[in-house]
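Engineer: Mind the numbering: the sequence shown is residues -5 to 170 in this note's numbering, read in order. This structure is in structure tokens; I'll ask about it shortly.
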Amino acid sequence: MINVPYAVCGHGVFVTLGIFNSQYDPSMSVDCAFKLQENFVRELEKRFVVNNDQIPVCVVNKKGINHLSDLDLVEIIKKLLDTVSGIPEEVEKANLERRLTVTQTLSARCRKLETANEDLQQQQLNDRDKKLLSDCIMSLLEKNGATKNRQMSNVEFKRLRLRLEHAEAEVCRFCV
């Protein structure tokens, strides 16, 4: 297995394959193939962290791989290994630190958004509970008011009934 500075996997595969499918022509020259490869790198730079300006490329089709001698393959592998070993650790470390910083910033932003979302949901629940409580209190007050009105009506009715009975008794006393 050959270690190369950058490999395309995951989403990058779809990006590069999309470019490849739309721009590749089997009859294209080596220069055109290198330009196509530059398009891959540019697109990947937009989407991923890629800082190596000279990513080694070897154009070999299915037929060509069978015609390469073992010595040619060994030379290609040596060239690739030399370019891989030429990447300083400081560059890799800086790339990792930058990616870590970006990841930490994004995760902090996600946490803020999650907290804001939870606060909003809690506020909406509190508002709903307050409205339900207010509606319940108003309903109870209306029922209580209706009950008091009935009680007052009953008291007034009893008072009128007593006055009527008293007036009837007075009338009966005069009649006798």
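Just so you know, even glycine gets a beta-carbon here, dropped at the ideal spot from N, CA and C.
1. Could you check how far apart the C-beta atoms of Gln17 and Leu30 are, in whole angstroms? I think they sit under 8 Å.
2. Is Ile13 near Phe34, with beta carbons less than 8 Å apart?
3. Given this structure, state the Cα-to-Cα distance separating Gly139 from Cys130, to the nearest angstrom.
4. Report the three-state DSSP secondary structure of Ser23 (helix, strand or coil).
5. Where Asn(-3) and Glu32 are concerned, what is the direct C-alpha to C-alpha distance, given to the nearest angstrom?
Structural biologist: Answer, in terms of the structure:
1. 6 Å
2. yes
3. 14 Å
4. coil
5. Legend: pLDDT at Asn(-3) = 39, less than 50; position of this residue unreliable, value from coordinates given subsequently. Going from the Cα of Asn(-3) to the Cα of Glu32 covers about 20 Å.
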